[in-house]
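Residue 76 is where the sequence shown starts when you use my numbering, and the numbers rise one by one after that. C-beta: ideal position from N, C-alpha, C; glycine also. Inspection log for the structure reproduced underneath, given as structure tokens.
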Amino acid sequence: MRRRIPRTTQHRQAGGRAGSSLRRLTAAAALVLTAGLLSPLSTATAADEPAPVSDYCKGQCADILPPGANGSATLAEILANKLLGTQPAHADDQLGPYDALSSGYPSLTDDTLTNFFNDSSFGVPSDQVSSVTRPRDDVTITRDKKNGVPHIKGSTRYGTEFGAGFAAGQDRLWLIDLFRHIGRGELTSFAGGALANQGLEQEFWPQAPYTEDDLQKQVDYIKSSGGERGKQAMEDAQAYIDGLNAYRTKAKNGRYFPGEYVLTGKIDAITNIGEIQPFKVTDMIALASVVGGLFGNGGGGEVDAALSLLTAQEKYGVEKGTQVWESFRGRDDPEAVTTVHDGTSFPYGGKPANPRGQALPDKGSVTGEPLVYDRTGSAASAARSGTVAKDPVKAPARLEPLRGMYDDGVLPADMFRDSAARKGMSNALLVSGKHTASGHPVAVFGPQTGYFAPQLLMMQELQGPGISARGVSFAGVGMYIQLGRGQDYAWSATSAGQDITDTYAVSLCEPDGSTPTKASTSYVYRGTCTPMEKLERKNAWKPTVADSTAAGSYRMQVFRTKYGIVTHRATVDGKPVAYTSLRSTYRHEADSIIGFQMLNDPSYVTDAASFQKAAQHISYAFNWFYADARDIAYYNSGDNPVRAKDVDMSLPVKGEQAYEWQDFDPADNTAARTPPSQHPQSVDQDYYISWNNKQAKGFTAANFRLGAVHRANLLDDRVKKLTAEGGVTRASLTQAMEEAAVTDLRGEQVLPEILKVIRGKPVDDPQLAKVVQQLEAWRKAGAQRNQTSAGSKTYAHPDAVRIMDAWWPLLVEAEFRPGLGDDLYRALTGQLTVDEAPSAGHGPTGAHAGSAFQYGWWGYVDKDLRTVLGQPVRGALGDTYCGAGDLTACRDALLTTLAKAAAKPATEVYPGDDACKAGDQWCADSIIHRALGGITHRGVQWQNRPTYQQVVEFPAHR
76 MRRRIPRTTQ
86 HRQAGGRAGS
96 SLRRLTAAAA
106 LVLTAGLLSP
116 LSTATAADEP
126 APVSDYCKGQ
136 CADILPPGAN
146 GSATLAEILA
156 NKLLGTQPAH
166 ADDQLGPYDA
176 LSSGYPSLTD
186 DTLTNFFNDS
196 SFGVPSDQVS
206 SVTRPRDDVT
216 ITRDKKNGVP
226 HIKGSTRYGT
236 EFGAGFAAGQ
246 DRLWLIDLFR
256 HIGRGELTSF
266 AGGALANQGL
276 EQEFWPQAPY
286 TEDDLQKQVD
296 YIKSSGGERG
306 KQAMEDAQAY
316 IDGLNAYRTK
326 AKNGRYFPGE
336 YVLTGKIDAI
346 TNIGEIQPFK
356 VTDMIALASV
366 VGGLFGNGGG
376 GEVDAALSLL
386 TAQEKYGVEK
396 GTQVWESFRG
406 RDDPEAVTTV
416 HDGTSFPYGG
426 KPANPRGQAL
436 PDKGSVTGEP
446 LVYDRTGSAA
456 SAARSGTVAK
466 DPVKAPARLE
476 PLRGMYDDGV
486 LPADMFRDSA
496 ARKGMSNALL
506 VSGKHTASGH
516 PVAVFGPQTG
526 YFAPQLLMMQ
536 ELQGPGISAR
546 GVSFAGVGMY
556 IQLGRGQDYA
566 WSATSAGQDI
576 TDTYAVSLCE
586 PDGSTPTKAS
596 TSYVYRGTCT
606 PMEKLERKNA
616 WKPTVADSTA
626 AGSYRMQVFR
636 TKYGIVTHRA
646 TVDGKPVAYT
656 SLRSTYRHEA
666 DSIIGFQMLN
676 DPSYVTDAAS
686 FQKAAQHISY
696 AFNWFYADAR
706 DIAYYNSGDN
716 PVRAKDVDMS
726 LPVKGEQAYE
736 WQDFDPADNT
746 AARTPPSQHP
756 QSVDQDYYIS
766 WNNKQAKGFT
776 AANFRLGAVH
786 RANLLDDRVK
796 KLTAEGGVTR
806 ASLTQAMEEA
816 AVTDLRGEQV
826 LPEILKVIRG
836 KPVDDPQLAK
846 VVQQLEAWRK
856 AGAQRNQTSA
866 GSKTYAHPDA
876 VRIMDAWWPL
886 LVEAEFRPGL
896 GDDLYRALTG
906 QLTVDEAPSA
916 GHGPTGAHAG
926 SAFQYGWWGY
936 VDKDLRTVLG
946 QPVRGALGDT
956 YCGAGDLTAC
966 RDALLTTLAK
976 AAAKPATEVY
986 PGDDACKAGD
996 QWCADSIIHR
1006 ALGGITHRGV
1016 QWQNRPTYQQ
1026 VVEFPAHR
């Protein structure tokens, strides 16, 4: 047997991945850039070999993370990618297998899983060692030949974490630097003033505005309140930062740093003058706020919810309007698919019978809080015209191919807009050993974090004192594995999105006792007129090769109160108020580090119960899943605040002590939290599925999204069938996941009801009859959006897919707008988007995002049509809308819109973009990794699937 404890080999070059592809550069480019490719060898002395660890998965654990482990490129490598299409080593070698599963899954077996996934066994076989780097004498970073994944082994705890930081620098230095500046609200100053960059920082910074002192206090809080584990966590964080800084220094001095630093004007390629700013532990707090903001928040948006409620009441009257609004709100839809499906209830956040302290705004009084001030240069001109001025800088001819690569921003402007409501992702499928072929549990799970180049996640293995795990971590906060496997267990998570954010209406006042206005900057806190705290961020930029946006600047400003950040101003009963947003994890962005530390500690996690205890220490809203050789388990984490009696968490509440969270202390934003027993959880249910769906009966949805039809139904139906049949294998569970990943939710779950309405009478129009037949054939074939064979780039039923894409928004509007009226329809579609097809621009990467069918009106359509058909409906809508309840009128509306949709050509349905020609259906759906740096990758077949994914089946246990 090949041993997996790596032997010492020639030390891996600390920065070089140039390879033979760079030799194909033009002679002129190579002459100038050779200095940037130099890579010193480590000279550290050997340390004691770490003690070997046991791997109880015995070759039955696998994982994958496209596009590749290497997320760093020198300037020469970026040029080679642009001019020649070459890729740095291990930059895209996981993209092909990931893509291939969409065509290869029907014939999948356990033996062929490794054609589509990596073997995630611990260590590297001795004949598969590519390189070994020793950044210190107490740690090695071993990389395998196939994927270049760093396997970090330390003989000391400090050395292990130092190695993790060093490896993070090797693989994600530019990305980490980019995201620490996003976390600090400094993206434009760092990466350029593109409109998208301005929009992104203006969306994110008000959600987590901190001073440097605020960030340091969070570090100190973990040390003081987390006991020995908290102190150890911050020591580990410092070691990680030390390793990251060590690589930063070596890369800069050795001239093998990421080329983006040259292109954004940070470092001169010829003289090497310039600097990569040192990293600090407080940067990790800022980074954690970005990760939590994207994937771990929940709730908020109560002002907009209140406005939609008032609109419903205005149309229908207070009683009927409230009933209609609540039916669309769907707090606890009895038809919603749930992760805990054994009937166990976990009440949280339900509507009180007699709500207290509600603070609904007066009609027409709500205004958003201004954010941006003192615009100059291109920022000022853009505010006036909506377009940004360009001022291209002079640059060497060799850099012309890279000019303007950030002109459209490094990330979509709306990446953080409504992040808690719009960006929850990931899925999980677990089956108990009672229903598997081996008698051991099987799990297929992973986070769906979007598609970026390089990926936000970084794959690694960590082995050292008190740490034994392999998996992924978000780059820059990777001192522990956040999702992955231990010696005899594996774990993963999905975004939960439960309500941990509330809106308060604070009464405004003037310190001198004069009459307040909506513009007042003091508020009443526990009887005292208290000044708001003003937080500011001043950003300025100038054009670079990467971003030619002309020079400009602005100042962002928010007001902070004891009840959170001011988001709106209004009047309530004629008196001026400021609406504030208070998140339970604000000022606690990195507290979850203790839970992750536990998950990595083999002496702590020994079974399902200890896993659940570890998950209890994670404050962000996630659904956690666990599998070992004996059990599967689930636990919903999050700092769920204990609200005052009879407070409705879905709407704004008065900012008064009587309505505060129980035991609320604004100094560190602490309050009573719901006890672990009240969090949805389970051990050894027959199976679990999760795709950001409803957790359990009684657990209130945080927003308008968890209805009768959800993409989790695609998983639940398949896994329920597999479990009932028994004999589940890793391959069959993966097949269930992948079949759901290429299926159109509307076609499988809603189209049958639509066709029942249409087929109530013969379709007389021959053209329409043909269209209906096409839709029926597509549905019978599985309603898939998958190419006919690998590389064909053509769907088996392209017309049916095109018609559905064109029809759905027309259908929804024709079904609901006449009954709801323009104002209420607009308000409700503002709460929940109508559609989220693969070709639409949505998700954390914008268009070509992969993730689809998470948010839409499919549940509303399904309930309404079943009502019209006279079928049973639990939790029906507050009124009947299609055809005003008349089946014939409803059918006419469906057929009229179907005719319009069928007439739309592909060039209109799929208008094209920078990557796709108009009318190219497959390309419009395709996944394209959003380039955060200079390296780009080919588009691949659409899959609604986790970005990082594990397939595990442990045959043994400690």
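Near residue i, which residues of its chain fall below 6 Å by C-beta distance, leaving aside the five closest residues on each side in sequence?
{"i": "Ser678", "result": "none"}
{"i": "Glu1028", "result": "Gln135, His515, Val517, Arg805"}
{"i": "Ile351", "result": "Arg323, Lys327"}
{"i": "Leu886", "result": "Thr972"}
{"i": "Ile251", "result": "Ala550, Gly551"}
Checking 9 Å against the spacing of the C-beta atoms, do residue i and residue j come in under that value?
{"i": "Gly260", "j": "Phe279", "result": "yes"}
{"i": "Ala321", "j": "Pro210", "result": "yes"}
{"i": "Gly639", "j": "Tyr579", "result": "yes"}
{"i": "Gly240", "j": "Ile669", "result": "no"}
{"i": "His692", "j": "Ser667", "result": "yes"}
{"i": "Glu276", "j": "Asn614", "result": "yes"}
{"i": "Gly539", "j": "Lys228", "result": "yes"}
{"i": "Ile575", "j": "Gly349", "result": "no"}
{"i": "Ser195", "j": "Lys772", "result": "no"}
{"i": "Tyr180", "j": "Thr809", "result": "yes"}
{"i": "Arg255", "j": "Asp358", "result": "yes"}
{"i": "Pro333", "j": "Trp249", "result": "yes"}
{"i": "Gly1009", "j": "Leu477", "result": "yes"}
{"i": "Ile297", "j": "Ala308", "result": "yes"}
{"i": "Gly432", "j": "Ala733", "result": "yes"}
Can you tell me whether residue i is buried or exposed, with buried defined as 16 or more other CB within 10 angstroms of its CB?
{"i": "Arg473", "result": "buried"}
{"i": "Ile345", "result": "exposed"}
{"i": "Arg877", "result": "buried"}
{"i": "Leu253", "result": "buried"}
{"i": "Lys769", "result": "buried"}
{"i": "Ala852", "result": "exposed"}
{"i": "Thr524", "result": "buried"}
{"i": "Asp138", "result": "buried"}
{"i": "Val393", "result": "exposed"}
{"i": "Ala653", "result": "buried"}
{"i": "Ala102", "result": "Only weak support exists for where Ala102 lies, its pLDDT of 35 falling under 50; the coordinates are left without a value."}
Mind checking which residues open and close the beta strand (DSSP E) that includes residue i?
{"i": "Lys650", "result": "650-658"}
{"i": "Met533", "result": "532-539"}
{"i": "Val547", "result": "542-549"}
{"i": "Ile227", "result": "225-229"}
{"i": "Ile216", "result": "214-219"}
{"i": "Pro1027", "result": "Here residue 1027 is Val; the residue named in the question, Pro, does not match the sequence. Taken as a continuous stretch (DSSP letters only), the beta strand (DSSP E) holding Val1027 covers 1024-1027."}
Cutting at 7 Å between CB atoms, please list the residues of its own chain near residue i, excluding the five before and the five after it.
{"i": "Pro873", "result": "Gln996"}
{"i": "Glu911", "result": "His917, Ala927, Phe928, Gln929, Tyr930, Gly931"}
{"i": "Ala684", "result": "none"}
For residue i, I'd like the list of residues in its chain whose CB is within less than 8 Å of its CB, leaving aside the five on either flank, ordered along the chain.
{"i": "Pro827", "result": "Arg854"}
{"i": "Leu382", "result": "Pro436, Val441, Ala902"}
{"i": "Pro741", "result": "Lys637, Tyr638"}
{"i": "Gln849", "result": "His872, Asp874, Ala875, Ile878"}
Starting from residue i and walking both ways along the alpha helix (DSSP H), at which residues does that stretch end?
{"i": "Met879", "result": "873-895"}
{"i": "Thr187", "result": "Neither: Thr187 is in no alpha helix (DSSP H) and is coded neither H nor E."}
{"i": "Asn711", "result": "Run containing Asn711: none in the alpha helix (DSSP H); it sits in the beta strand (DSSP E), 707-712."}
At a threshold of 8 Å, does residue i count as lining the ligand PLP (C-beta to nearest heavy atom)?
{"i": "Glu152", "result": "Of ligands this structure carries none, so the ligand PLP is not represented either."}
Could you check whether the Cβ of residue i sits closer than 9 Å to any Cβ belonging to chain D?
{"i": "Arg941", "result": "Checking the listed chains, one finds no chain D in this structure; it contains a single protein chain."}
**Item:** 3 or more residues per run - each beta strand (DSSP E) lying fully within the region 450-522
**Value:** 502-506, 517-521
**Request:** Could you name each continuous beta strand (DSSP E) segment of 3 residues or more that falls completely within the region 555-594, going from the start of the chain to the end?
**Result:** 558-560, 564-570, 576-584
**Start-end ranges of the alpha helix (DSSP H) lying completely within the region 374-420, minimum 4 residues** = 377-391, 393-404
**Request:** Scan the region 724-805 and note each continuous beta strand (DSSP E) run of 3 residues or more that stays entirely inside, going in chain order.
**Result:** 756-758, 762-765, 772-774
**Message:** Ignoring anything shorter than 4 residues, give me the alpha helix (DSSP H) runs that lie fully in the region 280-317, in order along the chain.
**Reply:** 287-300
**Item:** Whole alpha helix (DSSP H) elements within the region 824-858, 4-residue minimum
**Value:** 826-833, 841-855
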